[in-house]
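2 protein chains.
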Amino acid sequence: MAILTVTLNAALDITYRVPVLTPRASHRVSDVVERPGGKGINVARVLAALGYDTVVTGFAGGPAGTVLRQLLAPLAPYDALVPVARTSRRTVAVVDGSGGDTTQFNEPGPLVSPEEWARFTGVYEALLKDADAVALCGSLPPGIHVGAYAELVRRAHAHDVPVVLDTDGEPLRRGIAARPDLVKPNADELAGLTGAREPLRAVLGARRRGARAVAASFGADGLLAATADGVWRAAPSAPVRGNPTGAGDSAVAALLAGLVDGVPWPERLVRAVALSAATVLAPAAGEFDAAAYERLLTDVTVVRHTEPN
Amino acid sequence: MAILTVTLNAALDITYRVPVLTPRASHRVSDVVERPGGKGINVARVLAALGYDTVVTGFAGGPAGTVLRQLLAPLAPYDALVPVARTSRRTVAVVDGSGGDTTQFNEPGPLVSPEEWARFTGVYEALLKDADAVALCGSLPPGIHVGAYAELVRRAHAHDVPVVLDTDGEPLRRGIAARPDLVKPNADELAGLTGAREPLRAVLGARRRGARAVAASFGADGLLAATADGVWRAAPSAPVRGNPTGAGDSAVAALLAGLVDGVPWPERLVRAVALSAATVLAPAAGEFDAAAYERLLTDVTVVRHTEPN
């Protein structure tokens, strides 16, 4: 048995380091790093680092897909990606010496044919037979119907496999109606879904749309979760500073692990907040600082909300 | 017989289109175009479009090299690139809606081993046997000795093949001492080589360093050439506006064609200025507008310089 993550729009993530980014100038890149990317693959890597067996599926194709799979091969997640004729997208993140956010360029994904989608759903059904839980992560590449995540939620539930959904926009709106076990929107995604900016109202609104539980991430303010067992806020006792890339994926990984292990909600949220913060503290994007994680586990405040759920 | 171009640091050129480039923001790329790149490959494509048989050599390797060769295969230049273990560089040009210059990111080239350099020189020697002329273009990838172009100039002359050298910095300084038949620096490269900013002084200084002829490009001001036959200035009668990418490579192509055809210098310069301007006028970077080229051929002013050469 393993945890399955789905990345329909997997990417080859490329990072360029330049001294200073100047629009309309030419830059000599001093350092090029490539890694397999896309939210579901990131979640699987974090879960593998925590000791869970993981399987990744979704689509990979073309030269970028080949490199992505070559880079994935020596890593712990098992590669069950489905070939696609068109090329997987690349993302280019330009890091400059300013210490601020990266400048990011995201290619569009490959056009997926109906035959390729049918091949994927066949692989997905087979993988569900051995899955403890499944995470559906990230954007949909072109050619895939907007109700795809709703379909994948229903197929997972038909196999009694719980589902975490982490996406945005219309795919989230449609997917949430199929009653996933958990959605993990950030503040913007939550506002886009519910029209509400006030956190509690927005989280309760998202739950009413169908999600059995909602754990929304508010950056340094931590998580606000609405579940059948109650509503909780969880946050580090002091804010952490660093690179937030991958913090959301780490939260999904911890929530998924907590779901599989049947951990009570307050403890799940503590783990998710600690792992997120330990990811912000790690020097490399998307990795977490294991020592900081252990330390932060005892340094997260969880408060039960007393308003009626 | 054919014209040979050498691109030791061949590249996969990637162009991204974004509405507005904002440092430290995330950009959805609307359009991705890939083409085989590097100065020598660009020169060969222009020569092929003019009807010349062309052969390209240099190094290509890794996933970027594979894509580069796949994109080169259906084009006219004959692919005699030499495989290299490390991956060829990519260049990313970000075009935004501003209509200004692109924002350019250039990866470092692949580290070339001494064995790979030896394999290349063997291929180069074999190709020289059927070459009318050779162009040595662009930067040197890591691992290749800085006197590489001087070595390639001498090897070509041992086969009685004339050489055009288009590079920069120390490789130009070393290469020019081996007496190439022509160098084509731009204003910055010429100033870097000679320390002189005054065009005539700089061009004559470059010639004294060893080049049999110097044709320096000064953007919209056209070319200034110092040759054994005299000194000429050539410029379009009215400046042209457009995308200057590839204009220098088109000038090299025209000068190389004129050399092979034994065209007198004033006519060579007219062709080079007209082809450069027709490249600036073409909507796609590195292509030239054939009708504009024909028209511009009658619209370039050549003035013989009367000062002592």
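Here the protein sequences come in this chain order: A and B.
If you read the first sequence in this note's numbering, its first letter stands for residue 1159, the second for the next number, and so on.
If you read the second sequence in this note's numbering, its first letter stands for residue 1159, the second for the next number, and so on.
We put the CB at the ideal spot given by N, CA and C, even for glycine.
Treat the numbers as computed from the prediction; the structure is a model and nothing was measured.
* Check Pro1194 of chain B in the structure and name its three-state DSSP category. => Stepping through the second sequence from its first residue, residue 1194 of chain B is reached at position 36. Pro1194 of chain B carries a strand assignment under DSSP once its states are collapsed to helix, strand and coil.
* Quick one: residues in its chain with C-beta nearer than 8 Å to the C-beta of Asn1467 of chain A, no 5 flanking neighbours on either side, listed in chain order? => By one-based count along the first sequence, residue 1467 of chain A stands at place 309. Residue confidence for Asn1467 of chain A is low, a pLDDT of 46 falling below 50, so the modelled location carries little weight and cannot support an answer.
* Asked: For the putative contact between Val1176 of chain A and Val1187 of chain A, defined by C-beta atoms under 8 Å, what is the C-beta separation to the nearest angstrom?
  -> In the first sequence, residue 1176 of chain A corresponds to position 18, counting from 1. In the first sequence, residue 1187 of chain A corresponds to position 29, counting from 1. With 8 Å as the limit, Val1176 of chain A and Val1187 of chain A qualify as a contact, their Cβ atoms being about 6 Å apart.
* Residues of chain A with a CB under 7 Å from the CB of Glu1265 of chain B: which are they? -> Here residue 1265 of chain B refers to the residue found at position 107 of the second sequence. Ordered by position in chain A, the residues that pass the 7 Å Cβ test against Glu1265 of chain B are Val1187 and Val1190.
* So what does DSSP say about Asn1467 of chain B, is it helix, strand or coil? -> Numbered from 1 along the second sequence, position 309 holds the residue referred to as residue 1467 of chain B. Only weak support is given to the placement of Asn1467 of chain B: the predicted model assigns it a pLDDT of 46, under 50, and the question is left unresolved by the model.
* Pull out every residue of the stretch 1398-1412 of chain A whose Cβ sits closer than 8 Å to any Cβ of chain B, in chain order. => Those residues of the stretch 1398-1412 of chain A placed with their C-beta closer than 8 Å to a C-beta in chain B do not exist.
* Are the CB atoms of Asp1211 of chain A and Ala1160 of chain A nearer to each other than 7 Å? -> Working through the first sequence from its first residue, we reach residue 1211 of chain A at position 53. Working through the first sequence from its first residue, we reach residue 1160 of chain A at position 2. By the CB criterion at 7 Å, Asp1211 of chain A and Ala1160 of chain A fall inside the cutoff.
* Asked: Closest by CA to Val1292 of chain B, which one among B:Gly1267, B:Gly1305, B:Ile1302 and B:Asp1318?
  -> For this step, residue 1292 of chain B is matched to residue 134 along the second sequence. Of the residues B:Gly1267, B:Gly1305, B:Ile1302 and B:Asp1318, the one whose Cα lies closest to the Cα of Val1292 of chain B is B:Asp1318.
* Would you give the residue range spanned by the beta strand (DSSP E) that Arg1399 of chain B belongs to? => For the purposes of this step, residue 1399 of chain B is taken as the residue at position 241 of the second sequence. First-last for Arg1399 of chain B: undefined, no H or E at that position.
* For the candidate residues B:Ser1408, B:Glu1328 and B:Phe1263, whose alpha-carbon lies nearest to that of Asp1447 of chain B? -> The residue labelled residue 1447 of chain B in the question sits at position 289 within the second sequence. Residue B:Ser1408 holds the alpha-carbon nearest to the alpha-carbon of Asp1447 of chain B among B:Ser1408, B:Glu1328 and B:Phe1263.
* Would the stretch 1302-1313 of chain B and the stretch 1453-1460 of chain A be scored as touching if the rule is three or more Cβ pairs under 8 Å? -> The answer is no - the stretch 1453-1460 of chain A does not touch the stretch 1302-1313 of chain B, with fewer than three Cβ pairs under 8 Å.
* To do: Tell me, please, whether the CB atom of Tyr1236 of chain A is closer than 7 Å to any CB atom in chain B?
  => Translated into positions along the first sequence, residue 1236 of chain A becomes position 78. With 7 Å as the cut-off, Tyr1236 of chain A does not count as an interface residue toward chain B.
* Could you tell me whether the stretch 1440-1455 of chain B touches the stretch 1393-1412 of chain B, using the rule of 3 or more Cβ pairs below 8 Å? => Taking 8 Å as the limit for Cβ pairs, the verdict is that the stretch 1393-1412 of chain B does touch the stretch 1440-1455 of chain B.
* To do: Note down, one range per segment and in chain order, each beta strand (DSSP E) of at least 3 residues found wholly within the stretch 1168-1228 of chain A.
  => 1169-1176, 1184-1186, 1189-1195 and 1212-1219, all fully within the stretch 1168-1228 of chain A.
* To do: Report the rounded CA-to-CA distance for Ala1251 of chain A versus Thr1260 of chain A, giving the unit in angstroms.
  => If you number the first sequence from 1, residue 1251 of chain A lands on position 93. If you number the first sequence from 1, residue 1260 of chain A lands on position 102. Distance from the CA atom of Ala1251 of chain A to the CA atom of Thr1260 of chain A, rounded to whole angstroms, is 6 Å.
* To do: Since I believe Leu1229 of chain A is in contact with Pro1268 of chain A (beta carbons under 8 Å), could you give me their beta-carbon distance rounded to a whole number of angstroms?
  => One-based indexing of the first sequence puts residue 1268 of chain A at position 110. One-based indexing of the first sequence puts residue 1229 of chain A at position 71. Contact between Pro1268 of chain A and Leu1229 of chain A fails: their C-beta atoms lie close to 18 Å from each other, not under 8 Å.
* Are the beta-carbon atoms belonging to Ala1206 of chain B and Ala1234 of chain B less than 7 Å from one another? -> Indexing the second sequence from 1 puts residue 1206 of chain B at position 48. Indexing the second sequence from 1 puts residue 1234 of chain B at position 76. At the C-beta level, Ala1206 of chain B and Ala1234 of chain B come within 7 Å of one another.
* Asked: Comparing the C-beta of Tyr1451 of chain A with each C-beta of chain B, is any distance below 7 Å?
  -> On the first sequence, position 293 is the one that residue 1451 of chain A refers to. For Tyr1451 of chain A, the answer is no, since every Cβ of chain B falls outside 7 Å of its Cβ.
* How about Ala1238 of chain B: is its Cβ closer than 6 Å to a heavy atom in the ligand ATP? -> No copy of the ligand ATP appears in this structure; indeed no ligand is present at all.
* To do: Ignoring anything shorter than 4 residues or poking outside the stretch 1283-1333 of chain A, list the alpha helix (DSSP H) runs there in chain order.
  => Secondary structure within the stretch 1283-1333 of chain A: the alpha helix (DSSP H) runs of 4 or more consecutive residues, fully enclosed, are 1306-1316 (chain order).
* **Test item: CB-CB of Leu1348 of chain B and Ala1374 of chain B under 7 Å** => Taking the first residue of the second sequence as 1, we reach residue 1348 of chain B at position 190. Taking the first residue of the second sequence as 1, we reach residue 1374 of chain B at position 216. With respect to Ala1374 of chain B, Leu1348 of chain B sits close: the two C-beta atoms are nearer than 7 Å.
* Asked: Any idea if Gly1255 of chain B is buried or exposed, counting beta-carbon neighbours within 10 angstroms, 16 or more meaning buried?
  -> For the purposes of this step, residue 1255 of chain B is taken as the residue at position 97 of the second sequence. Under this definition Gly1255 of chain B is an exposed residue.
* Starting from Asp1339 of chain B, follow its DSSP beta bridges and name the residues at the other end. => Numbered from 1 along the second sequence, position 181 holds the residue referred to as residue 1339 of chain B. Bridge partners of Asp1339 of chain B: none, in fact.
* To do: For Ser1297 of chain A, decide whether its Cβ has a neighbour in chain B, counting only Cβ atoms nearer than 7 Å.
  => Walking along the first sequence from the start, residue 1297 of chain A turns up at place 139. For Ser1297 of chain A, no Cβ of chain B is located within less than 7 Å of the residue's own Cβ.
* **chain B within 7 Å of Leu1179 of chain A, Cβ atoms only** => Taking the first sequence and counting its residues from 1, the one referred to as residue 1179 of chain A is at position 21. Chain B, which has a Cβ nearer than 7 Å to the Cβ of Leu1179 of chain A, makes this yes.
* Beta-carbon of Gly1195 of chain A versus every beta-carbon of chain B: anything under 7 Å? -> In the first sequence, residue 1195 of chain A corresponds to position 37, counting from 1. So no, Gly1195 of chain A is outside the interface.
* To do: Can you give me, in chain order, the residues of the stretch 1200-1221 of chain B that have a beta carbon less than 8 Å from any beta carbon in chain A?
  => Along the stretch 1200-1221 of chain B, going in chain order, the ones with a CB nearer than 8 Å to a CB of chain A are Pro1221.
* **Glu1192 of chain B to Ala1442 of chain B span [Cα, whole Å]** => Walking along the second sequence from the start, residue 1192 of chain B turns up at place 34. Walking along the second sequence from the start, residue 1442 of chain B turns up at place 284. Their backbone Cα atoms lie some 12 Å apart in a straight line.
* Asked: Does the stretch 1161-1169 of chain B come within contact of the stretch 1239-1249 of chain A, defined as at least 3 CB pairs closer than 8 Å?
  -> Cβ pair count under 8 Å is below three, so no.
* **Within-7 Å CB hit, Val1225 of chain B to chain A** => On the second sequence, residue 1225 of chain B is found 67 positions in, with the first residue counted as 1. Chain A, which has a Cβ nearer than 7 Å to the Cβ of Val1225 of chain B, makes this yes.
* **Under 8 Å (Cβ pairs) to chain A, residues found in the stretch 1318-1344 of chain B** => Cβ contacts with chain A come from no residue of the stretch 1318-1344 of chain B.
* Asked: Taking 7 Å as the CB-CB cut-off, is Thr1261 of chain A touching chain B?
  -> The count along the first sequence starts at 1 and reaches residue 1261 of chain A at position 103. Contact with chain B is found for Thr1261 of chain A, since one of that chain's Cβ atoms lies less than 7 Å from the residue's Cβ.
* Are there three or more Cβ pairs, one per stretch, closer than 8 Å when the stretch 1325-1343 of chain A is compared with the stretch 1278-1289 of chain A? -> Fewer than three Cβ pairs drawn from the stretch 1325-1343 of chain A and the stretch 1278-1289 of chain A lie within less than 8 Å of each other, which leaves the two stretches out of contact.
* Taking 7 Å as the CB-CB cut-off, is Tyr1307 of chain B touching chain A? -> Start at 1 with the first residue of the second sequence, and residue 1307 of chain B comes out as number 149. Answer no: the Cβ-Cβ gap between Tyr1307 of chain B and chain A never drops below 7 Å.
* Asked: In three-state DSSP terms, what is Glu1452 of chain B?
  -> To locate residue 1452 of chain B, count along the second sequence from 1; it is residue 294. In the structure shown, Glu1452 of chain B sits in a helix (DSSP, three-state: H, G or I).
* Chain-ordered chain B contacts of Gly1258 of chain A [CB-CB under 8 Å] -> Taking the first sequence and counting its residues from 1, one reaches residue 1258 of chain A at position 100. Result: Arg1182.
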